[in-house]
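Visitor: Residue numbers (the numbering used here), protein chains in the order written: chain C, 1 to 142; chain A, 143 to 284. For each residue, glycine too, the CB sits at the ideal point set by N, CA and C.
Number of protein chains: 2
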Amino acid sequence: MLSKKTQYAFHALIHLAENADKGPILISEIAQEKNISIKFLENILLELKNAGILGSKKGKGGGYYLLKTPKEVPLAKIIRLLDGAIALLPCVSLNYYEKCENCRDEAVCGLNDVMGKVRDATLKILENKTLKDILTRNVSIF
Amino acid sequence: MLSKKTQYAFHALIHLAENADKGPILISEIAQEKNISIKFLENILLELKNAGILGSKKGKGGGYYLLKTPKEVPLAKIIRLLDGAIALLPCVSLNYYEKCENCRDEAVCGLNDVMGKVRDATLKILENKTLKDILTRNVSIF
DNA sequence: AAAAAGCCTATCTTTTTTATAGAGTTTATG
DNA sequence: CATAAACTCTATAAAAAAGATAGGCTTTTT
Chain C
1 MLSKKTQYAF HALIHLAENA DKGPILISEI AQEKNISIKF LENILLELKN AGILGSKKGK
61 GGGYYLLKTP KEVPLAKIIR LLDGAIALLP CVSLNYYEKC ENCRDEAVCG LNDVMGKVRD
121 ATLKILENKT LKDILTRNVS IF
Chain A
143 MLSKKTQYAF HALIHLAENA DKGPILISEI AQEKNISIKF LENILLELKN AGILGSKKGK
203 GGGYYLLKTP KEVPLAKIIR LLDGAIALLP CVSLNYYEKC ENCRDEAVCG LNDVMGKVRD
263 ATLKILENKT LKDILTRNVS IF
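Laid out in structure tokens, this is it:
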């Protein structure tokens, strides 16, 4: 399951994309619109900013805005940023690899083999689907 | 990520499958072999038993054994039993469905759409790969 | 009867997730 | 230039989940 953090990030990004023409958007506006604790959302937007996905402006008239077009933001990137590994086992994670405890040889491990296939199938979708793809079907529903 | 519980379950099942000819296997033997806390493993094996995957025998000469052939145990079943939902969002889970909070209409939600595809791709593998598949490549490695 | 082994339920500890607090910094504007 | 608006940053707290342990109970073998 995706954490609340990642889910909130998606919802916030959708809101920002849908209102990209309106200049910087207030954290408080997004929080209210999507029913998210404003302080929690603050941290999430900050992470998205530090990752280069969002820009921000301080002071009156400030707020957050997308630095990239929705098509340039793969869903996998958001998930990795907020949740970490996408793979089901550390030993098949591309971005957060760790050896499984007790593992003697991944090359001969059947679990490693299968979970690697799951990772590939998952990433094929999440690396190619972008923020744009979750907008089209979504006509300001959230 | 799969929980330790699920990972331990896989390792235990592999051990039981590899020693299926030796009659009931002691919890303590599996625990030692796979470096798992014996008490924690006890709970896991009990769940597998209650799910009809393992059988057990009490008293001297007792232990656990597979009730099914490895080919009859899909990996998805084990994951669901110990970890719950496989899907990334509650609203696309087949076995643990829940409506997302704030969701007005799943039929128009782009996230629901994409995550449904991820679920399908994942299940296509995990429903079809079985205990047998993680044995073949694995020659008593754990 | 005694020992071996699984059964069952409860509790405890640790880690992770979710949420909050509050002082700091930047910027617009009257 | 003072003030208010808004994001920034770091720390902490609360809640939930995961991981682990404890101990008495039941069944079975010898």
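Count the other CB atoms, across all protein chains shown, that sit within 10 Å of the CB of F40 of chain C; report buried if there are 16 or more and exposed otherwise.
Guide: Exposed, because fewer than 16 other Cβ atoms sit within 10 Å of the Cβ of F40 of chain C.
Visitor: Any idea if G63 of chain C is buried or exposed, counting beta-carbon neighbours within 10 angstroms, 16 or more meaning buried?
Guide: With 16 or more Cβ atoms within 10 Å of its Cβ, G63 of chain C is classed as buried.
Visitor: Count the other CB atoms, across all protein chains shown, that sit within 10 Å of the CB of R119 of chain C; report buried if there are 16 or more and exposed otherwise.
Guide: With 16 or more other Cβ atoms within 10 Å, it is buried.
Visitor: Quick one: using the 10 Å Cβ neighbour count with 16 as the cut-off for buried, is N192 of chain A buried or exposed?
Guide: Result: exposed.
Visitor: Measure from the alpha carbon of T130 of chain C to the alpha carbon of each residue in C:S56, C:A17 and C:Y96, then state which is nearest.
Guide: Checking every option, the nearest Cα to that of T130 of chain C belongs to C:A17.
Visitor: Judging by CA-CA distance, which residue of C:L111, C:I134, C:K22 and C:Y8 is the nearest neighbour of I220 of chain A?
Guide: The shortest C-alpha separation from I220 of chain A is found at C:L111.
Visitor: Counting only Cβ-Cβ distances shorter than 7 Å, please list the residues of the region 202-226 of chain A near chain C, keeping chain order.
Guide: So the close ones are L217.
Visitor: Hey, is I125 of chain C's beta-carbon within less than 8 Å of any beta-carbon in chain A?
Guide: Yes, I125 of chain C lies at the interface with chain A (some Cβ there is under 8 Å from its Cβ).
Visitor: Which residue from A:P216, A:E243, A:E248 and A:A263 puts its Cα closest to that of K34 of chain C?
Guide: Here the closest residue by C-alpha is A:E243.
Visitor: Can you have a look at E127 of chain C and say buried or exposed, based on whether 16 or more other CB atoms are within 10 angstroms of its CB?
Guide: Exposed.
Visitor: Does the region 89-107 of chain C come into contact with the region 65-73 of chain C, if we say contact requires no fewer than three beta-carbon pairs (one atom in each stretch) closer than 8 Å?
Guide: No, they do not touch.
Visitor: Under the assumption that L217 of chain A contacts V114 of chain C (Cβ atoms under 8 Å), give the Cβ distance between them as a whole number of angstroms.
Guide: About 7 Å; that satisfies the 8 Å criterion.
Visitor: Count the other C-beta atoms from every protein chain shown that fall within 10 angstroms of the C-beta of Y8 of chain C, then say buried if there are 16 or more, exposed otherwise.
Guide: Counting Cβ neighbours within 10 Å, Y8 of chain C comes out buried, since at least 16 surround it.
Visitor: What residues from chain C crowd round L196 of chain A, counting only those whose CB sits closer than 8 Å?
Guide: Near L196 of chain A there are no residues of chain C at all, since even the closest Cβ is about 19 Å away, more than 8 Å.
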